[in-house]
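Here the structure comes first, spelled out in structure tokens, and everything after it is commentary.
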Amino acid sequence: MMKEEIIKLDHITYKYEQEDVLEDINLTVREGDFLTIVGPNGSGKSTLLKLILGINRVQQGEIYLFGEKINRFKNWERIGYVSQKANSFNSGFPATVEEVVASGLTKKIGLFRFYKKKHREKVFQALKEVGMENFLHRTIGDLSGGQQQRVFIARALVSDPELLILDEPTVGVDVRNVSNFYDLLFELNRNLGLTLILVTHDTGTITEKATHIACLNKQLHFHGDSYEYEELNNQDMSAFYGHDVYTLKHDH
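Mapping of the sequence shown onto full-length UniProt numbering: position 212 corresponds to residue 212, and the numbering continues sequentially without gaps.
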């Protein structure tokens with residue numbers, strides 16, 4: 001049985017002034033996919049996310065979210081988003097972990113509404129899903145970069161999204177914690193059935209966690225499952241990136 005289309009990009013081209021940033025992108029993400037998007041700086045990855053999230057308007061082509069054209073799509077609570085917060089977060093911000101995660105419910109319950117018992121239970125459950133339930137009353141600024149990112153994922157999860165988009169989430173995360181972070185994403189995808197889109201430069205470790213890989217450099221040079229990606233050679237990768245690339249395999 002064919003799984004539901006969560007995202008469909010149909011011949012997307014996007015320009016900044018007169019320069020093509022994305023050229024004729026066709027891409028489908030289905031329910032339960034874990035898609036990793038890789039590519040060099042300036043390859044159009046961030047622009048692609050902004051188009052999917054409705055931040056930038058489509059110039060040419062069509063984007064469909066859950067089967068609906070993006071200009072008609074209203075159910076944005078179905079999509080969670082985690083940005084590079086660990087790299088730029090103000091460590092002096094006085095909010096607790098509970099308050100940060102609870103802020104993810106604002107769209108559902110209103111800006112100035114009081115949180116009820118059921119909302120506090122959802123916050124605790126979201127933190128439990130990312131292994132941070134014991135940090136409920138800690139100040140967010142006291143946490144490590146990796147712990148902060150887990151909290152931000154909990155904030156995205158608390159509203160029960162069906163799609164979670166992460167933009168370079170390991171920026172600012174200690175290298176020793178990156179593997180644990182990817183293990184978490186793997187568990188969210190496999191155990192919760194959450195559809196994931198991850199933008200990253202870290203091609204060495206994430207390919208064994210993702211179900212699909214997309215290589216983007218203005219054009220979509222490759223889109224396939226992780227097994228097909230592993231078959232790409234250094235010459236293929238160098239063509240994608242525009243310079244010599246040597247792929248390192250990580251055996252665990």
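Every residue gets a Cβ at the ideal spot worked out from N, C-alpha and C, and that includes glycine.
Check each candidate in the options and name the one with the smallest Cα separation from residue i.
i	options	result
Glu4	Asp20, Glu19, Tyr14 and Val29	Val29
Gly39	Thr200, Thr211 and Gln59	Thr200
Ile197	Lys69, Ile79 and Gly54	Ile79
Gln84	Lys117, Val151, Phe124 and Glu121	Val151
Ile55	Asn71, Gly61, Leu163 and Leu188	Asn71
Gly193	Gly67, Leu163 and Val123	Leu163
Gly67	Leu9, Glu121, Leu127 and Gly224	Leu9
Compute the Euclidean distance between the alpha carbons of residue i and residue j, then round it to the nearest angstrom.
i	j	result
Ile153	Gln18	36 Å
Thr207	Asn180	14 Å
Ser226	Leu185	16 Å
Ala214	Phe222	5 Å
Asp167	Phe135	24 Å
Asp20	Gly42	11 Å
Asn75	Leu51	16 Å
Ile37	Leu27	11 Å
Ile7	Arg190	19 Å
Ala95	His119	17 Å
Gly141	His11	43 Å
Asp24	Lys15	11 Å
Asn177	Gln59	39 Å
Leu22	Glu231	25 Å
Phe93	Val100	10 Å
Leu2	Gln148	Rather than Leu, the amino acid found at residue 2 in this sequence is Met. Those two C-alpha atoms are separated by around 36 Å.
Phe112	Gln219	Low confidence applies here, because Phe112 scores a pLDDT of 45, under 50, leaving its location unreliable and the question unanswered by this model.
Thr170	Leu143	15 Å
Glu187	Thr195	11 Å
Asp202	Gly224	17 Å
Phe124	Leu53	27 Å
Gly61	Lys117	45 Å
Glu121	Leu127	10 Å
Glu228	Thr211	10 Å
Lys69	Leu216	23 Å
Do the CB positions of residue i and residue j come within less than 8 Å of each other?
i	j	result
Arg138	Val97	yes
Asp183	Gly146	no
Phe73	Lys209	no
Glu77	Pro161	yes
Tyr81	Ile165	yes
Please indicate yes or no: does the CB of residue i lie closer than 7 Å to some heavy atom of the ligand HEM?
i	result
Asp202	The ligand content of the structure shown is nil, which means the ligand HEM is not present either.
Would you say residue i reaches chain B, if we count a Cβ-Cβ gap shorter than 8 Å as a contact?
i	result
Leu194	Of the chains in the structure shown, none is chain B; there is only one protein chain.
**Request:** Check whether the segment 41-51 touches the segment 125-144, counting contact only when three or more Cβ pairs, one atom from each stretch, lie closer than 8 Å.
**Result:** No, the segment 41-51 is not in contact with the segment 125-144.
**Request:** Spell out a yes or no on whether the segment 142-159 and the segment 98-106 are touching, meaning 3 or more CB-CB pairs, one atom from each, closer than 8 Å.
**Result:** A contact exists between the segment 142-159 and the segment 98-106.
**Request:** Report the residue ranges of all beta strand (DSSP E) runs contained in full by the segment 165-232; include only those spanning at least 3 residues, in chain order.
**Result:** Runs found: 195-199, 212-217 and 219-225.
**Asked** Hey, which unbroken runs of the beta strand (DSSP E) at 3 residues or more fall wholly within the segment 74-160?
**Response** 79-82
**Contiguous beta strand (DSSP E) assignments of at least 3 residues, all confined to the segment 33-81** = Counting only runs of at least 3 residues, the segment 33-81 fully encloses the following beta strand (DSSP E) elements, listed from N- to C-terminal order: 34-38 and 60-65.
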